[in-house]
Amino acid sequence: MTTALRAAAALLLLLTCADAFHHGISAPQVAAAFAAVIAVGERVRVTLPGDREQAPIGTAVALAYALLGPLHGLPTTHGVSQVVVVAGLGTLAGLAPLRGRRRHRSCRPEPGRVDGAVRRLLTVGFAALLFQPLYNSGALDQLPLGGPAYGVFLTGVAALAALCDATLGAVQRRARTGLRFGAALEDELRSLLGIGSAIVATGMLISLLAGEVGLWALPLFCAPLLLAQAAFRRAAAVRATTGQTIETLARATEVAGYTPPGHARRVADTACALGRELGLGSRDLALLEYAALMHDIGQLSLVEPVPDGATALLPQPEQQRIARLGSEVISRTGVPRQVAGQVARLADPCHGPDGGADRTLPLAARIIRVANAFDDLSAAARRRGLTEQAGRQEVFELLRSDRGRLYDPRVLDALARSAAVVARPD
């Protein structure tokens, strides 16, 4: 699907370039100004949590050009094709490597940046298709869209463009990570409440203000968006630092000899694979990964290490005690409080006192328990000399024997389905 989107964007750009070459460029100085700012915006793009490539300034300015009606009191006639050409050429200029960096980087843009550019180009083309034909044909003049009503109309068009962008982002995210489309779309829509809403609002304001002050609207509204982008970049850096800190804490049990090397990372990878299979969004997956990495931190409070670090082979009360100890440690590390709650409950049974399913038990805790047991039991099978196939069969039989009691049936089914879950050596 990602390849299809790239091909669609390339074909769209080629066709619109041919159309613009045939009919000529309307107001070339204005087009060049918008293309230049789009290129600069593409240069200063930012990677947000969830590996989202965003170019807030470039996207806002491209959207403004797609929604541009009058400029300094005079009507414009650039149309859909020219919008796509200006946005496309500006984006390509921003993606091109700088000469001074060619010795250190490949001349080809990274795939994630290409996909982000494809997404932005298709979204801007969609916005232009909704607005430009109505404006250039004079249809908007026949409608009661004077004053505030015109702003409401632009808001509606921008909202549809934002939904298009979210849908394209969900498609690309599903292709890249295997995340279910519903969860990916939910993540993209949630991101609209952050920098996405600022991008859409800035694009609309530039298009509206350009009708009065002309091209001065570009620097006037791009400066605040640049400050917002810097704030988001800083937040992403803080999140990356948090992840590195958690990785370091997770290795403490391995360095101290309480757990086998790589155990925390394997459990986290398996848990994330199960989380994606069960449709968790990126935020929930991030919290799940944090909790899975730190699920054994409570073992540091033990006087004697657990044999082979295999907590899944311990009695239930001992597993719960270790989980509670780990939760107390985690609650003092400054990580999101949900992580401590998930670790505290990861050894609790699936059923409540009445024998029914315990609906208060976090799904993340159920996932980590299955992932941890899968790794512990797989390691035990390897130590006994079983082949990978025989070991996996034995592990699944042992897990199924406690289905519905210790292990959530949905998580076990996801484990059986997930092709990403494989037995890996210590």
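Read left to right, the sequence shown gives residues 7 to 432 (our numbering). Virtual Cβ for every residue (Gly too), placed ideally from N, Cα, C. From a predicted model like this one, the values you see are computed outputs, not experimental measurements.
Query: Check each candidate in 90, 43, 235 and 169 and name the one with the smallest Cα separation from residue 20.; Result: 90
Query: Answer yes or no: do residue 377 and residue 277 have a C-beta to C-beta separation smaller than 8 angstroms?; Result: yes
Query: Would you kindly work out how many angstroms separate the C-alpha atoms of residue 349 and residue 366, rounded to a whole number?; Result: 14 angstroms
Query: So does the stretch 267-287 actually touch the stretch 319-329, counting three or more Cβ pairs closer than 8 angstroms?; Result: no
Query: Please go through the same chain and pick out, in chain order, the residues whose beta-carbon is closer than 6 angstroms to the beta-carbon of residue 170, but skip the five residues on each side of it.; Result: 129 and 132
Query: Given a threshold of 16 other Cβ atoms within 10 Å of its Cβ, counted over all protein chains shown, does residue 29 qualify as buried or as exposed?; Result: exposed
Query: Figure out for me which residue from 316, 225, 309 and 224 has the closest Cα to the Cα of residue 266.; Result: 316
Query: Judging by CA-CA distance, which residue of 156, 289, 174 and 103 is the nearest neighbour of residue 12?; Result: 174
Query: State the DSSP-derived secondary structure class of residue 409, mapped to helix, strand or coil.; Result: strand
Query: Using a threshold of 8 angstroms, state whether the C-beta atoms of residue 164 and residue 126 are closer than that.; Result: no
Query: Can we say the stretch 208-221 touches the stretch 241-254, given the rule of at least three CB pairs closer than 8 angstroms?; Result: no
Query: According to the neighbour-count rule (16 or more other Cβ atoms, all chains shown, within 10 Å of its Cβ), is residue 158 buried or exposed?; Result: exposed
Query: What's the call for residue 403, buried or exposed, on a 16-neighbour Cβ count within 10 Å?; Result: exposed
Query: Using three-state DSSP, classify residue 357 as helix, strand or coil.; Result: strand
Query: Does DSSP put residue 341 in a helix, in a strand, or in coil?; Result: coil
Query: Fully enclosed by the stretch 171-231, which alpha helix (DSSP H) runs are 4 residues long or longer?; Result: 187-197 and 203-219
Query: Can you check DSSP and say which residues form a bridge with residue 52?; Result: 60
Query: For residue 284, does the three-state DSSP call read helix, strand or coil?; Result: coil
Query: Short of 7 angstroms in beta carbon distance, which residues of its chain neighbour residue 424, apart from the five on each side in sequence? Order them along the chain.; Result: 279, 280 and 283
Query: Cutting at 6 angstroms between CB atoms, please list the residues of its own chain near residue 186, excluding the five before and the five after it.; Result: 285
Query: Locate the alpha helix (DSSP H) running through residue 88, then write down its first and last residues.; Result: 85-101
Query: Can you tell me whether residue 304 is buried or exposed? The criterion is at least 16 other CB atoms within 10 Å of its CB, across all chains shown.; Result: buried
Query: Take residue 86 and list the residues in its own chain whose beta-carbon comes closer than 6 angstroms to its own, dropping the five residues that flank it on each side.; Result: 134, 135 and 138
Query: Do you know offhand how far residue 109's Cα is from residue 195's?; Result: Note that residue 109 scores 44 on pLDDT, short of 50, meaning its location in the model is unreliable and no value can be drawn from it.
Query: Which residue comes first and which comes last in the alpha helix (DSSP H) that contains residue 147?; Result: From DSSP, residue 147 is part of no alpha helix (DSSP H); its letter is neither H nor E.
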